[in-house]
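Student: Per the working numbering, the sequence shown starts with residue 10, numbered consecutively. Using N, Cα and C, we set each Cβ at its ideal position, and we do this for glycine too. Handing you this structure, nothing more for now.
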Amino acid sequence: MINATDLRPGVTFEYDGNLYVCLDYSHNKTARAAANIRVKMKNMRTGTTTEMTFGSNAKVKKAQVEKSKMQYLYDNGGMLVFMDNETYDQVEIPADRLEWEINFMKPSDNVEVTSYEGEILGVALPVNVPFKIIETEAAVKGDTATGATKYATIETGYQIKVPLFIEEGEVVVVNTVEGKYTGRA
Numbered sequence: 010m011i012n013a014t015d016l017r018p019g020v021t022f023e024y025d026g027n028l029y030v031c032l033d034y035s036h037n038k039t040a041r042a043a044a045n046i047r048v049k050m051k052n053m054r055t056g057t058t059t060e061m062t063f064g065s066n067a068k069v070k071k072a073q074v075e076k077s078k079m080q081y082l083y084d085n086g087g088m089l090v091f092m093d094n095e096t097y098d099q100v101e102i103p104a105d106r107l108e109w110e111i112n113f114m115k116p117s118d119n120v121e122v123t124s125y126e127g128e129i130l131g132v133a134l135p136v137n138v139p140f141k142i143i144e145t146e147a148a149v150k151g152d153t154a155t156g157a158t159k160y161a162t163i164e165t166g167y168q169i170k171v172p173l174f175i176e177e178g179e180v181v182v183v184n185t186v187e188g189k190y191t192g193r194a
């Protein structure tokens, strides 16, 4: 058990039978009132974000989340198959648990699979990943005064907005957190 005052961004903990990661932390003390700890936390199983206020003497159970380097192999009809880079064990994760992440995973990509007491929680992707543009709209000549963008499809099938000068076949860097173009590779 740890004190709520020891929570910091990135710390994983159990509270009310759920597993959370701390996203933001603030310690609030007013004149005569007791100190409060306000925590913005994300449920690691459902992905929902909530805010909670703890008293200064509140305790939560620290959770040890394990991260394993794995390679994404293929989609097995609703199950995504990953292989451990060290032991070569294969793990299947339901595709519906990785709806956002699958937009940025190509076969043979290395990712970090997070688990807690044998339960697989999800996949942590690198923040910026290069992708090849496989399809894009034609640019309209003279439409550059406002920093115009057009839609382009990357090799996973996900659609992003790119500047007009990006053409099919080019490699661009995509931010996997926001799903946006960040530059050329």
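#1: By how many angstroms is the C-alpha of N94 removed from the C-alpha of P18?
#2: Should the segment 19-31 be called in touch with the segment 53-66, which here means at least 3 C-beta pairs below 8 Å?
#3: Out of Y190, V122, P116 and E108, which has the shortest C-alpha to C-alpha gap to V100?
#4: I'd like the span of the beta strand (DSSP E) that includes Q80, first residue to last.
#5: Identify which residue in M10, N85 and T58 has its Cα closest to the Cα of L32.
#6: By the three-class DSSP mapping on this structure, what secondary structure does T39 have?
#7: From the DSSP secondary-structure annotation, give me the bridge partner or partners of N45.
#8: Which of the three DSSP states, helix, strand or coil, is assigned to L32?
#9: What number of angstroms, rounded off, separates the C-alpha of E146 from the C-alpha of K159?
#10: Can you list, in chain order, the residues of its chain with a C-beta nearer than 7 Å to that of I129? Leave out the 5 residues immediately preceding and following it.
#11: Shortest alpha-carbon distance to M92 belongs to which of K78, G86 and N85?
#12: Looking only at its chain, what residues have a beta carbon closer than 6 Å to the beta carbon of A157, apart from the 5 residues adjacent to it on each side?
#13: Here's the rule: buried if 16 or more other CB atoms are within 10 angstroms of the residue's CB, otherwise exposed. What is M88?
#14: Who does G192 pair with in a DSSP beta bridge?
#15: Rounded to whole angstroms, what's the CA-CA distance from E60 to Y24? Just pull it up for me.
#16: Can you tell me which of the three DSSP states T58 falls into?
#17: Assign E227 to one of three DSSP states: helix, strand, or coil.
#18: By how many angstroms is the C-alpha of Y190 removed from the C-alpha of T14?
Tutor: Looking at the atomic coordinates:
#1: 28 Å
#2: yes
#3: V122
#4: E75 to D84
#5: T58
#6: coil
#7: N37 and G64
#8: strand
#9: 6 Å
#10: V100, I102 and V122
#11: K78
#12: L173
#13: exposed
#14: V182
#15: 13 Å
#16: strand
#17: This structure does not reach residue 227, given that the chain is present from 10 up to 194, and the question cannot be answered.
#18: 38 Å
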